[in-house]
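Contents: one structure, followed by commentary.
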Amino acid sequence: MEFQPPPFFNRGPAPLVRLMFFISLAMLLMVLDVRFHYLEALRTGLAIVVYPLQRAAMAPVDAFSGIAGYFSSQSSLQRENDALRAKVLQSSKDVLTLDTLAAENAQLRKLLEAREHAPRKATFAEILYAGRDPFSRKIVIDKGTGADIKAGEAVMDDTGVIGQVTRVFPMMAEVTLISDKEQATPVQVVRNGLRAIAYGDGATLDLRFMAANADIQNGDTLVTSGIDGTYPAGLPVARVARVERDAAYAFAKIQCVPIAGTEKHRQVLVLAQDTNLQPPPAAEAQPPTRTAKGSRRGSRVRN
Amino acid sequence: MSYNFEARAQRILLPVNPLFVITTMMTALVFNLLPWRDIAGIPDILALVLGFWCINQPRKIGVGTAWLFGLIMDTGNGALLGQHAFAYAVLAFAANTLSRRILWFPIWPQALHVFLLLLGCQGLMLIIRLAAGSPFPGVLYFSGSIISAVMWPLVNFVLLSPQRRPESVDENRPI
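Structural data, given as structure tokens:
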């Protein structure tokens, strides 16, 4: 005779069974996410669900900054105004020379029949929130596929590059900062044009695999090299803070500090990718094996 | 050794309102989604509230709910998908299993239990992220658990308040 507990004591599968089920589901998700990147669709779906919650979370912060702005005193505005006026005066000199330089540059390019640099489309976006994940450096901005933002686009503030769009959702996009551990930025030293790759290192950047005698000094400014077409050339990225050369190692240890306020501002610009860029040459074309085989066979038949 | 059980006598609580449970967990989730990154060691309030309900209502809140909220946390933070889900599921299981034991203790020993549970949850997440190739975020990362544990009496008071009854409605009521 089979014994069954009465239905009012029935509480579904045992807790341990339930735990094992959900743990294996979570592990499956993690493996799929890390190894195969299959889960972008699921992430996008969940992001739409989370979006109103995030806006709700930001509402008090926005309200507070709004109120603080309303009550900002006249003297601080006056001070800011003076500082801005001084800055305008200073930069107007550069702007005046810039026009002549641009004209000269255009003429030289025409002489060389070089491809004109297409002006990139820039989208203004605001930082929605900074991810709470202490293991990575990511921010979320309030423009997504709705504003025609694509993964891979560069993000900058008024002083330099802050990162790259890594995931795009309908109403927001995730930006990986240049200081993230998995983020690499192609850079160039302004002083001598030396190219390098800057890898994120938490709060700072690292130039890896630079020879121990590489010509890099403290205080050197690194700008984007623009070689990959993702970043426009010449945007400030970082300043070299410390160079360690040890004869025991083949590579120098070079630490840099980001120039842009990667953790500071709320307004950023998203720069569209260079559409004029030629795709990289495809891998070597396959030799026409089939016809060769065919002819060989043909010859055998003839023999 | 004799123990003063009279001092620890507890009032019988009203049944919990499931809507209140979900509302508090959503509030904790919104708290977690605030822009906290600049400040190290911010407590994971969602884990604390989740642990509270797993201990106090082990029949209502369990591994499944924890897993779902963990998945939402993963998306909201741009973390590894499944990281919070995994850790919260284990936390919920441990809290459910230990619920009878923990509720038997006075409030501060309860907080100590909760501290260990939350520390285990954070440790799991750390192991997962280190295995996935992330850098170590610093020792301050663990301070969130300490702050959470210190907040346990407060959380206990707030979340149980709708279930308490007025002290003396009826003089003849035995408890």
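Top line first, the protein sequences correspond to chains P and L. The first sequence begins at 8 in this note's numbering and counts up one residue at a time. The second sequence begins at 5 in this note's numbering and counts up one residue at a time. We treat Cβ as the ideally placed atom computed from N, Cα and C, and that holds for glycine.
For residue 137(L) and residue 155(P), the rounded distance between their alpha carbons
Position 148 of the first sequence, counting from 1, holds the residue named residue 155(P). Position 133 of the second sequence, counting from 1, holds the residue named residue 137(L). Their Cα atoms are separated by approximately 32 angstroms.
Quick test of your reading: residue 59(L) and residue 99(L), contact by CB under 8 angstroms. State the CB separation rounded to the nearest angstrom.
Residue 59(L) sits at position 55 when you count from the first residue of the second sequence. Residue 99(L) sits at position 95 when you count from the first residue of the second sequence. About 5 angstroms; that satisfies the 8 angstroms criterion.
Taking just the CA atoms, how far does residue 108(P) sit from residue 195(P)?
As a position in the first sequence, residue 195(P) is number 188, starting the count at 1. As a position in the first sequence, residue 108(P) is number 101, starting the count at 1. If I take the Cα positions, the gap works out to 22 angstroms.
Residue-level contact to chain P via CB, residue 3(L), 8 angstroms cutoff
Residue 3(L) falls outside the range modelled here, since chain L spans only 5 to 179, and no answer is possible.
Assuming residue 267(P) contacts residue 169(P) (C-beta within less than 8 angstroms), just tell me the rounded distance between them.
Position 260 of the first sequence, counted from the start, is the residue given in the question as residue 267(P). Position 162 of the first sequence, counted from the start, is the residue given in the question as residue 169(P). Cβ atoms of residue 267(P) and residue 169(P) come within 8 angstroms of each other, at about 5 angstroms.
Backbone CA spacing between residue 157(L) and residue 148(L) [nearest angstrom]:
Sequence index remark: in the second sequence, residue 157(L) carries index 153 (1-based). Sequence index remark: in the second sequence, residue 148(L) carries index 144 (1-based). Each residue's Cα considered, the two are about 16 angstroms apart.
Residue 128(P) beta carbon less than 8 angstroms from that of residue 187(P)
Along the first sequence, one-based indexing puts residue 187(P) at 180. Along the first sequence, one-based indexing puts residue 128(P) at 121. Their beta carbons are not under 8 angstroms apart, which means residue 187(P) does not touch residue 128(P) by this criterion.
Would you check if the distance between the CB atom of residue 181(P) and the CB atom of residue 173(P) is smaller than 8 angstroms?
Indexing the first sequence from 1 puts residue 181(P) at position 174. Indexing the first sequence from 1 puts residue 173(P) at position 166. With contacts defined by Cβ atoms closer than 8 angstroms, residue 181(P) and residue 173(P) form a contacting pair.
With a threshold of 7 angstroms on Cβ separation, who are the neighbours of residue 61(P) within its own chain once the five nearest residues in sequence on each side are excluded?
Counting from 1 along the first sequence, the entry for residue 61(P) is found at position 54. Only 135 and 136 meet the Cβ criterion.
Quick check: the Cα distance between residue 33(P) and residue 134(L), rounded to an integer number of angstroms?
To locate residue 33(P), count along the first sequence from 1; it is residue 26. To locate residue 134(L), count along the second sequence from 1; it is residue 130. Near 16 angstroms, if we compare the C-alpha coordinates of residue 134(L) and residue 33(P).
Buried or exposed: where does residue 88(L) fall if 16 or more other Cβ atoms within 10 Å of its Cβ makes it buried?
Taking the second sequence and counting its residues from 1, the one referred to as residue 88(L) is at position 84. With a threshold of 16 other beta carbon atoms within 10 Å, residue 88(L) meets it and is buried.
Within the continuous alpha helix (DSSP H) that includes residue 58(P), where are the two ends?
The residue labelled residue 58(P) in the question sits at position 51 within the first sequence. Residue range 47–77 is occupied by the alpha helix (DSSP H) that includes residue 58(P).
Report yes or no: is there a C-beta of chain P within less than 8 angstroms of the C-beta of residue 67(L)?
Numbered from 1 along the second sequence, position 63 holds the residue referred to as residue 67(L). Output row for residue 67(L): interface = yes.
Alpha-carbon spacing of residue 23(L) relative to residue 66(L), whole angstroms
Residue mapping note: residue 23(L) aligns to position 19 of the second sequence, counting from 1. Residue mapping note: residue 66(L) aligns to position 62 of the second sequence, counting from 1. When only Cα atoms are considered, residue 23(L) and residue 66(L) end up about 16 angstroms apart.
Beta-carbon proximity of residue 231(P) to residue 214(P), cut-off 8 angstroms
Working through the first sequence from its first residue, we reach residue 231(P) at position 224. Working through the first sequence from its first residue, we reach residue 214(P) at position 207. At the C-beta level, residue 231(P) and residue 214(P) stay beyond 8 angstroms of one another.
DSSP bridge partner residues for residue 263(P) (one or two, in chain order):
For the purposes of this step, residue 263(P) is taken as residue 256 along the first sequence, with counting starting at 1. According to DSSP, residue 263(P) bridges with 212(P) and 247(P).
For residue 161(L), the three-state DSSP class (helix, strand or coil):
Here residue 161(L) refers to the residue found at position 157 when the second sequence is read from its first residue. When DSSP states are grouped into helix, strand and coil, residue 161(L) belongs to the helix group.
Measuring only the C-alpha atoms, how far is residue 85(L) from residue 70(L)?
Mapped onto the second sequence, residue 85(L) falls at position 81. Mapped onto the second sequence, residue 70(L) falls at position 66. Between residue 85(L) and residue 70(L), the C-alpha separation is close to 14 angstroms.
Rounding to the nearest angstrom, what Cα-Cα distance links residue 76(P) and residue 63(P) in this structure?
Here residue 76(P) refers to the residue found at position 69 when the first sequence is read from its first residue. Here residue 63(P) refers to the residue found at position 56 when the first sequence is read from its first residue. So the alpha carbons of these two residues sit roughly 20 angstroms apart.
Report all residues from its chain with a CB closer than 6 angstroms to the CB of residue 17(L); omit the five preceding and five following residues, and keep chain order.
Translated into the one-based positions of the second sequence, residue 17(L) becomes position 13. The answer, listed in chain order, is 167.
Residues of chain L with CB under 8 angstroms from residue 30(P), in chain order?
Here the question's residue 30(P) lines up with position 23 in the first sequence. Under the 8 angstroms cutoff, chain L gives 90, 93 and 94.
Residues near residue 252(P) in its chain [Cβ-Cβ closer than 7 angstroms; skip 5 each side]
The sequence position of residue 252(P) within the first sequence is 245, counting from 1. Result list for residue 252(P): 219 and 259, in chain order.
For residue 34(L) and chain P, any beta-carbon pair shorter than 8 angstroms?
Counted from its first residue, the second sequence places residue 34(L) at position 30. Judged by the 8 angstroms Cβ criterion, residue 34(L) is in contact with chain P.
Nearest neighbour of residue 157(P), chosen from 118(P), 36(P), 114(P) and 237(P) [CA to CA]
In the first sequence, the residue the question calls residue 157(P) occupies position 150. Of the candidates 118(P), 36(P), 114(P) and 237(P), the one whose C-alpha sits nearest the C-alpha of residue 157(P) is 237(P).
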